[in-house]
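Novice: Would you mind keeping the following structure in view while I ask a few things?
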Amino acid sequence: MTMKVVDSTVDKSGFISHFEKQMNEFKDYATRIQTQYAQMKELKINLPKNHCIVHMDFAENYQCKSAEEIQSAYWNQTSVTIHPVVVYYKVDEDELLHKSIVVISDEMSHNSATVLSIIDLIIPEIKQLLPTVECIHYWTDSPTSQYRNKAIFNAIANHSLDYGIRAKWNYWEAGHGKGPCDGIGGTSKRMADEAVRTGKVAIQDPHDFYAWTQSQSCSLKSIKFIFLPKVKCENKSKLLYEQKLRPVPGTMKLHAVAEKGNDVVAVRNTSCYCVTCLSDEFTCENWQLETVLKTGTQEGETAEVADEARETYPEMDYSIADYVAAIYLNKWYIGQIKTIDIEDNTIEISFLEKKKAMFQWPSRSDIIWVDRKDILCKISNPQPSGKSKRMLKVNPDDAAKIEKLYSNKN
């Protein structure tokens, strides 16, 4: 989303009122950041031997390149999804150990289906590290498109049933700063670039990236690399689409979700790892119980709630890095998808700038969230044109299709 500075003139009382509101919001925001860090520290200190912490996050996609690529290859780079995971656990009472895992995938959609597919892969690794594991404490960022949504809440509610392990999920406040996953993801990409630059390997797609991690030329031996095929994410997405998931009220405010079983979760606005909460009793203050799955209308349930319970994930036929045409302010533009938010049915797009019959990337990024209904169609990747190859040309068939769809909308 682009931001603009807007001048506004108000009287003294209006300014004071606005300032107080902003400061109160900032105070609450800072308190949540401090609380989450304090609770993570508390958990690490008091972590039981049969519990573990799973800290994970999506890294920025790796852009494949070769040591001697032609200039036009810059505009057609293949992406690699990289998802670092750090598992903390104890063998002795006091020593906190950790294991780094990186999931590599050719699935570009960083959504809940991909996250749940990743969990399917790392659970066996966790059981191998800690055979006696009984509870997993997940810690992630809080975007609704990835980790904080009804699909994840449903997975938490039924974690014991699916994996034989209880689960709690904790969310960092937005803008909390860098963490261990950032370092692991950055190191993996930097070492891959170095291997390509020195001619040790050619990385042209996600499969090549994973193959490099398993080769002798990769020095990251302390990190466990796992490959996640796109088809597994697609199958998981279909499964989510068929489920009748009920959104949990106040999802955006929640920073702690714990399993209660039978499609029920305990939720809280901030995490708590006091002795009571660590024992899963949930008698500590501010925990509330919520149902995440509805199989039918119960007696006395209103039609509105029943409709909400029947809500399913909208079918998304787009992926991250796809080029699309979208309507914004009653005009159509070309852009590349950065993020997909399934929960809100919106897509974040980095738009190109139109220059007569051509397009180019603007000097200042123009990134905006767009409702899915405002996307006209997916198009093939624009091709570099001109001497500098900085101008991009849209396929004539795509241009004709865009104009036709745009005319039908107006």
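Numbering (this note's numbering), first residue to last: 1 to 410.
Even glycine gets a Cβ: it sits at the ideal position worked out from N, Cα and C.
Runs of 4 residues minimum, wholly inside the segment 3–53: which ones carry the alpha helix (DSSP H) assignment?
Specialist: 12–46
Novice: If you run the structure through DSSP and keep just helix, strand and coil, what is residue 341?
Specialist: Counting from one through the sequence shown, the residue named residue 341 turns up at place 341. Note: residue 341 maps to strand in three-state DSSP.
Novice: For the segment 245–263 and the segment 119–132, state whether three or more C-beta atom pairs, one from each stretch, are separated by less than 8 Å.
Specialist: Too few Cβ pairs lie closer than 8 Å, so no.
Novice: Considering just the uninterrupted stretch of the beta strand (DSSP E) at residue 116, what are its terminal residues?
Specialist: By one-based count along the sequence shown, residue 116 stands at place 116. Segment 112–129 is the alpha helix (DSSP H) holding residue 116; no beta strand (DSSP E) there.
Novice: Any chance the segment 136–147 sits against the segment 171–188, with 3 or more Cβ pairs inside 8 Å?
Specialist: yes
Novice: For residue 338, I'd like the list of residues in its chain whose CB is within less than 6 Å of its CB, leaving aside the five on either flank, ordered along the chain.
Specialist: Locating residue 338 in the sequence shown gives position 338, counting from the first residue. 348, 350.
Novice: Compute the beta-carbon to beta-carbon distance between residue 110 and residue 153, rounded to the nearest angstrom, for a pair I have assumed lies under 8 Å.
Specialist: By 1-based counting over the sequence shown, the position of residue 110 is 110. By 1-based counting over the sequence shown, the position of residue 153 is 153. Not confirmed; about 18 Å, so no contact.
Novice: Going by beta carbon distance, what residues of the same chain come within less than 8 Å of residue 116, once the five residues before and after it are set aside?
Specialist: Within the sequence shown, residue 116 is the residue found at index 116, counting from 1. The answer, listed in chain order, is 151, 152, 155, 236, 240.
Novice: Quick check on the DSSP output: the beta strand (DSSP E) that includes residue 170 runs from which residue to which?
Specialist: Counting from 1 along the sequence shown, the entry for residue 170 is found at position 170. Counting along the chain, the unbroken beta strand (DSSP E) around residue 170 starts and ends at 166–171.
Novice: Could you work out which residue in 233, 385, 271, 192 is closest to residue 35 when comparing CA atoms only?
Specialist: To locate residue 35, count along the sequence shown from 1; it is residue 35. Per the Cα distances, 271.
Novice: Would you say the segment 174–190 touches the segment 84–98, given that touching needs at least three Cβ pairs under 8 Å?
Specialist: yes
Novice: Suppose you measure from the CA of residue 202 to the CA of residue 103; what does that come to, to the nearest Å?
Specialist: On the sequence shown, residue 202 is found 202 positions in, with the first residue counted as 1. On the sequence shown, residue 103 is found 103 positions in, with the first residue counted as 1. Each residue's alpha carbon lies about 20 Å from the other.
Novice: At 3 residues or longer, what runs of the beta strand (DSSP E) sit wholly inside the segment 252–289?
Specialist: 256–261, 264–268
Novice: Roughly how many whole angstroms lie between the Cα atoms of residue 189 and residue 14?
Specialist: Counted from its first residue, the sequence shown places residue 189 at position 189. Counted from its first residue, the sequence shown places residue 14 at position 14. Those two C-alpha atoms are separated by around 49 Å.
Novice: Based on Cα-Cα distance, which residue from 381, 281, 275, 280 lies nearest to residue 325?
Specialist: The sequence position of residue 325 within the sequence shown is 325, counting from 1. Ranking 381, 281, 275, 280 by Cα distance to residue 325 puts 381 first.
Novice: What are the start and end residues of the alpha helix (DSSP H) that includes residue 355?
Specialist: As a first step, residue 355 is located in the sequence shown; it is residue number 355 there, counting from the start. Premise fails: residue 355 lies in the beta strand (DSSP E), 353–355, not in any alpha helix (DSSP H).
Novice: Below 7 Å CB to CB, which residues in the same chain sit around residue 401 once its five sequence neighbours on both sides are set aside?
Specialist: Walking along the sequence shown from the start, residue 401 turns up at place 401. Hits under 7 Å: 377.
Novice: Check whether the Cβ atoms of residue 261 and residue 363 sit closer than 8 Å, and answer yes or no.
Specialist: Your numbering for residue 261 matches position 261 in the sequence shown. Your numbering for residue 363 matches position 363 in the sequence shown. Taking 8 Å as the Cβ cut-off, residue 261 and residue 363 do not qualify as a contacting pair.
Novice: Give the straight-line distance between the Cα atoms of residue 44 and residue 284, rounded to the nearest whole angstrom.
Specialist: Here residue 44 corresponds to residue number 44 of the sequence shown, with the count starting at 1. Here residue 284 corresponds to residue number 284 of the sequence shown, with the count starting at 1. Cα to Cα, residue 44 sits roughly 20 Å from residue 284.
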